[in-house]
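J.: Take a look at the following structure, please.
Numbering (the numbering used here), first residue to last: 1328 to 1713.
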């Protein structure tokens, strides 16, 4: 048994730039350094696919396959990621990839296996592995639309509530089914009412899980010390307002009525006018009482790291182990004080963080406390540290 979640072995096949890769590790943090385009982020993406969801790039399954010069542009290889995980509950062999049987039939389907047993969906991954990531693209999280912020929040919820991914998937399936019926004009009232009942049941569960995580995260965020600012978080939306003001049974009735009354509008414009897909995560720099979208780029990145580390502390306490932290180019714009605090916090929490960068010198604060690899042309070389 171990008191942490860690990858002890990982193997890739036909994944992005990797024809094959086998890597053995211990539970310490991992630092990957090398030039841009060497394969560092691709390895983090492979790790992200050990947890529920579509990974840190949200790529289509066929886009992940390794491309070989001279091959037909439309050809797709059956990529695979396999890892041996050590967790507080024991050891697991986890695999994820493009199903070769489905591919042979012209379909793209993700296959998931745990300890050699095929799984019906991705939700089972959340019971074994939690992963949270921060990429340079996410630095626009506070400036872009609310959908990215909802995905970020749901990713944090998965770590504490593995069943959340199933609820989100069930709600989104019902939402798409209703939208299709409304657009085609084929659904009778009874059929639509059945789908809307599913939306109400799963949608409210999604909203409640998000709210519970925010309440816990707010308390964990107040424990932030050092140079990272505490974030104040609010989930805004009609459904959240109803849940604060009304008994749950009344919220169900109100959401069901809103969906029924909004069928004509939704048939024209698509989607649904009410539900967890309409919510937004609002973030403030607590000390400055300033909305995150009005903060500087450096402050926004610091707020993101503050939220991720607060969630990591929360998971460590609740589940006995924090998530895998996948931090792409995380230290590029952090000053020395914030780098030092981040490294010390990662080591103190005992989490296996995977960090990438082009400048090896920026990670010297982890010398002797992390595993270092040089990445060039999709080849990893272990480096010794003092």
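Where is the CB? At the ideal position from N, CA and C, for every residue including glycine.
Ignore the nearest five residues each way along the sequence and tell me which others in residue 1289's own chain have a CB closer than 7 Å to its CB.
T.: Given a span of 1328 to 1713 for the chain in the structure shown, any question on residue 1289 remains unanswerable.
J.: By how many angstroms is the C-alpha of residue 1456 removed from the C-alpha of residue 1328?
T.: Low confidence applies here, because residue 1328 scores a pLDDT of 42, under 50, leaving its location unreliable; read the following figure in that light. Computed Cα separation, rounded: 15 Å.
J.: Taking the alpha carbon of residue 1530 as the reference point, which residue from 1506, 1545, 1566 and 1511 has its own alpha carbon closest?
T.: 1566
J.: When the Cβ atoms of the region 1487-1507 are set against those of the region 1387-1402, are three or more pairs found closer than 8 Å?
T.: No contact exists between the region 1487-1507 and the region 1387-1402.
J.: Any idea what DSSP makes of residue 1341, helix, strand or coil?
T.: strand
J.: Output the residue ranges of the beta strand (DSSP E) runs that lie fully inside the region 1604-1662 and measure 3 residues or longer, sorted by chain position.
T.: The region 1604-1662 contains these whole beta strand (DSSP E) runs: 1607-1612 and 1651-1654.
J.: Does the region 1423-1441 touch the region 1459-1476, meaning 3 or more C-beta pairs lie closer than 8 Å?
T.: Touching, no.
J.: Among all the DSSP beta bridges, which residues are the ones paired with residue 1444?
T.: 1441
J.: Does the pairing of the region 1444-1453 with the region 1362-1373 give three or more beta-carbon distances under 8 Å?
T.: no
J.: Can residue 1558 and residue 1630 be called in contact, C-beta distance under 7 Å?
T.: yes
J.: Can you check whether the CB of residue 1383 is closer than 7 Å to the CB of residue 1390?
T.: no
J.: Should residue 1621 be labelled buried (16 or more other beta-carbon atoms within 10 Å of its own) or exposed?
T.: exposed
J.: Are residue 1483 and residue 1475 closer than 7 Å when you measure CB to CB?
T.: no
J.: What's the C-alpha gap between residue 1516 and residue 1596?
T.: 19 Å
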